[in-house]
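S.K.:
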Amino acid sequence: MSSELEREIGHDEFDPKGTLALITIYFLILVVLWIFMYFVEFVGNDLTVVGVIG
Amino acid sequence: MNIHTYEKFWLAASMVLIVGFILTITYGAVGLGIAMIDDSSPTVDPDNLDEHPGFADPGVEQVGENEYEVHVIAVQFAYFPNEIVVPADSTVTFHVTSEDVIHSFSVVGTNANTMVIPGEVASLTVETDDPGEYGILCNEYCGVGHHDMEARLVVVPQDEFELEVE
Numbered sequence: 001m002s003s004e005l006e007r008e009i010g011h012d013e014f015d016p017k018g019t020l021a022l023i024t025i026y027f028l029i030l031v032v033l034w035i036f037m038y039f040v041e042f043v044g045n046d047l048t049v050v051g052v053i054g
Numbered sequence: 055m056n057i058h059t060y061e062k063f064w065l066a067a068s069m070v071l072i073v074g075f076i077l078t079i080t081y082g083a084v085g086l087g088i089a090m091i092d093d094s095s096p097t098v099d100p101d102n103l104d105e106h107p108g109f110a111d112p113g114v115e116q117v118g119e120n121e122y123e124v125h126v127i128a129v130q131f132a133y134f135p136n137e138i139v140v141p142a143d144s145t146v147t148f149h150v151t152s153e154d155v156i157h158s159f160s161v162v163g164t165n166a167n168t169m170v171i172p173g174e175v176a177s178l179t180v181e182t183d184d185p186g187e188y189g190i191l192c193n194e195y196c197g198v199g200h201h202d203m204e205a206r207l208v209v210v211p212q213d214e215f216e217l218e219v220e
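Protein chains in written order, with my numbering: chain C, 1 to 54; chain V, 55 to 220.
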């Protein structure tokens, strides 16, 4: 059994690059979807209720 | 506390996202003037709408240059007036109230959409751009004829609107 440590790395040497890439992609998808939803689907959907807040 | 570099990045990115959401909404409200429909309009007596200066004779009236007000009464199962004609490139304020039960006033396929509550007046201002035709529907179930409750909003070119007023 290979229960012995093969290689020991420190806290900052652990670099989950795949996870970083996935989360970056997920972040970009969120940004693009938000821009699309607000500026295209919502603001572009005239007639829009306008007025002064209050 | 020892936080990994990537984790700091993830935390910062999520903060940027939240700040971005708030900035967008603020821009919409302040920059584009997008408003919410509230209960700030004075209340009315739903049993005596014919004594109300606006609702006694529902319809379109001009209140300024390119500014129009439309009083609409929703009842089971119709809107009065049934066809609303307004000119393009103008500011139109709808004042909608109900005589009987809760209805809604939804200009289909647009962001103009409000509940219509007896005794309350829902006021919403929109800017019309190009000529076109919209359907108006009730989307609050209001009784057996709910599915038949509809009206039309017609945005006509400005020169044609003058003709219809004559």
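The C-beta atom is built at its ideal place from N, Cα and C for all residues, glycine as well. These numbers come from a predicted model, not from an experiment.
Beta carbon of V98/V, beta carbon of V175/V: below 7 Å?
M.R.: Yes, these two residues count as a Cβ contact at 7 Å.
S.K.: Can you confirm whether Y60/V, when its beta carbon is compared against all beta carbons of chain C, has any partner nearer than 7 Å?
M.R.: Closer than 7 Å: yes.
S.K.: Are the segment 80–91 of chain V and the segment 37–52 of chain C touching by the rule of at least three beta carbon pairs closer than 8 Å?
M.R.: Enough Cβ pairs lie closer than 8 Å, so yes.
S.K.: For chain C, is any of its Cβ atoms less than 7 Å away from the one on D223/V?
M.R.: The first residue shown for chain V is 55 and the last is 220, placing residue 223/V beyond what the model contains.
S.K.: On the CB-based measure, 16 or more other CB atoms within 10 Å of its CB, does V70/V come out buried or exposed?
M.R.: V70/V should be labelled exposed.
S.K.: Just to confirm the assignment: which complete beta strand (DSSP E) runs, minimum length 3, are found wholly within the segment 104–135 of chain V?
M.R.: Counting only runs of 3 or more, we get 113–118, 121–129, 132–134.
S.K.: Using a Cβ-Cβ cutoff of less than 7 Å, which residues in the same chain neighbour I35/C once the five nearest sequence positions on both sides are dropped?
M.R.: Excluding residues within five positions, none has a Cβ falling inside 7 Å.
S.K.: Indicate the three-state DSSP secondary structure (helix, strand or coil) for N165/V in the structure shown.
M.R.: N165/V falls in the coil class under three-state DSSP.
S.K.: Inspect the beta-carbon positions of V161/V and L20/C and report whether they are closer than 7 Å.
M.R.: No.
S.K.: What residues from the segment 30–54 of chain C come within 9 Å of chain V, judged by C-beta to C-beta, listed N to C?
M.R.: From the segment 30–54 of chain C, only L30, V31, W34, I35, Y38, F39, F42, V43, N45, D46, L47, T48, V49, V50, G51, V52, I53, G54 have a Cβ closer than 9 Å to chain V.
S.K.: In angstroms with no decimal places, state the Cα-to-Cα distance between E119/V and A67/V.
M.R.: Taking the straight line from one Cα to the other gives about 48 Å.
S.K.: Does the segment 174–192 of chain V come within contact of the segment 141–148 of chain V, defined as at least 3 CB pairs closer than 8 Å?
M.R.: They touch, by the three-pair rule.
S.K.: How far does the beta strand (DSSP E) with G186/V in it reach, from first residue to last?
M.R.: 186–191 is the span of the beta strand (DSSP E), which, as asked, contains G186/V.
S.K.: Scan the segment 60–79 of chain V for residues whose Cβ lies nearer than 9 Å to a Cβ of chain C and list them as they occur along the chain.
M.R.: Flagged, chain order: Y60, F63, W64, A67, S68, V70, L71, G74, F75, T78, I79.
S.K.: So, under 8 Å CB-CB, I171/V and S152/V are touching, yes? Tell me the CB distance rounded to an integer number of Å.
M.R.: Yes, I171/V and S152/V are in contact; Cβ-Cβ is about 6 Å, under 8 Å.
S.K.: Grab me the residues of V114/V's own chain with a C-beta within less than 7 Å of its C-beta, minus the 5 sequence neighbours each way, in chain order.
M.R.: Within the same chain, V114/V has close Cβ partners Y122, V124, I138, V139, V140.
S.K.: Mind listing which residues of the segment 181–207 of chain V have their C-beta closer than 8 Å to chain C's C-betas, in chain order?
M.R.: If the cut-off is 8 Å between Cβ atoms, the segment 181–207 of chain V has E181, T182, D183, Y188 near chain C.
S.K.: Just to confirm my understanding: we take E220/V, look at its own chain, exclude 5 residues before and 5 after, and list those with CB closer than 6 Å. What are they?
M.R.: In this prediction, E220/V scores a pLDDT of 44, lower than 50, which makes its location untrustworthy; no coordinate-derived value is stated.
S.K.: Would you mind reading off the limits of the beta strand (DSSP E) that contains V150/V?
M.R.: 145–152 is the extent of the beta strand (DSSP E) around V150/V.
S.K.: Can you name the residues of chain C whose CB is closer than 9 Å to the CB of N165/V?
M.R.: Per Cβ cutoff of 9 Å: F42, V43, N45, D46, L47, T48, V49.
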